[in-house]
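First up is the structure itself, then whatever we jot down about it.
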Amino acid sequence: SVTANVVFEEIQKVRNHLHAHSVAGNDYIRSLAIKMQEKFDKYWKNDYNVLFAIAFVLDPRSKLGYLKYVLENLNERDEMVQYEKVERSLHELYAEYKNVYATYDKENENANNTNVKFEEERPSAFSRDAFFTYYMSSVSPQVPLTDLEAYLTDPIERPRPNENFCILNWWKANEIKYRVLSKMARDILAIPISTVASESSFNTAGRIINDYRCSTTPETVEALVCTQSWIRDEDNSCE
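Okay, so the sequence shown: first residue is 17 according to the numbering used here, each after it adds one.
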């Protein structure tokens, strides 16, 4: 099945194809490509869902490096603005997940802790234990990497040729390594990919869904459909 991580890349492929045909080829193909690119840009140029780009980054074969590479090859003036927007949104979303699951883990940890305390034996002077205690107190503590930082730092996955890579199986296998990020990836990759009728996709007419039609509630849609059905029945009865 199609998962959300492929949407961003496929959108950019469509954009590249339309751009290539709008500047080359015969006049008829060029005119069609220009019209289709105008329609495409109204939906996707600067107003695409940033979650699609985040899902693309959560593909271990891509990460932020491939995202930057794709945006740079679009030859758009605002590609770095888009990149920074995706990167910022990625960290903000991860921070929300981290806060939720950190609270949950802390509650479980407190529930499992016992009140029994043992008096630790003080190491003798000049022993290795004493030196280790001294050494650890003199070394500045390093802030551990978060799941997201570790994921972005780790090398990208490079599947073998002809390997049927499944991103859902990969995150399931690495959920212990990336405890919080795997939960975030699970939710984002579960987003269903919507489909439309082919005649709507390839129609070059100028029908654009406006804000009013996008925000119509299910109750209003149901009322409109019922009213349309009643009107059609009345017309048929008059005939």
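Every residue, glycine too, gets a C-beta built ideally from N, C-alpha and C.
Just to confirm my understanding: we take residue i, look at its own chain, exclude 5 residues before and 5 after, and list those with CB closer than 8 Å. What are they?
{"i": "Y113", "result": "V196, L197, K199, M200"}
Using the Cα positions of residue i and residue j, report the straight-line distance between them to the nearest angstrom.
{"i": "E95", "j": "L87", "result": "5 Å"}
{"i": "S47", "j": "H33", "result": "14 Å"}
{"i": "S78", "j": "E108", "result": "20 Å"}
{"i": "N178", "j": "I247", "result": "56 Å"}
{"i": "D75", "j": "S245", "result": "46 Å"}
{"i": "A166", "j": "T236", "result": "47 Å"}
{"i": "I172", "j": "T233", "result": "42 Å"}
{"i": "D170", "j": "Y82", "result": "14 Å"}
{"i": "G6", "j": "S105", "result": "Residue 6 lies beyond the stretch modelled for the chain, which goes from 17 to 255, so this question has no answer here."}
{"i": "L67", "j": "T243", "result": "36 Å"}
Over the uninterrupted alpha helix (DSSP H) stretch that includes residue i, give me the two end residues.
{"i": "E26", "result": "23-38"}
{"i": "E165", "result": "163-169"}
{"i": "K188", "result": "183-189"}
Exposed or buried, what is residue i when buried is set at 16 or more other beta-carbons lying within 10 Å of its beta-carbon?
{"i": "N65", "result": "exposed"}
{"i": "F24", "result": "buried"}
{"i": "A69", "result": "buried"}
{"i": "I183", "result": "buried"}
{"i": "D163", "result": "buried"}
{"i": "Y194", "result": "buried"}
{"i": "Y85", "result": "exposed"}
So, at 7 Å on beta carbons, what are the nonlocal neighbours of residue i in its own chain, with the 5 sequence-adjacent residues on each side left out?
{"i": "Y59", "result": "none"}
{"i": "L80", "result": "V73, E103, L168"}
In its own chain, which residues sit with a C-beta less than 6 Å from the C-beta of residue i, not counting the 5 before and 5 after it?
{"i": "Q28", "result": "V86"}
Counting only runs that start and end within the stretch 58-108, where is the alpha helix (DSSP H) found for 4 or more residues in a row?
66-73, 79-88, all fully within the stretch 58-108.
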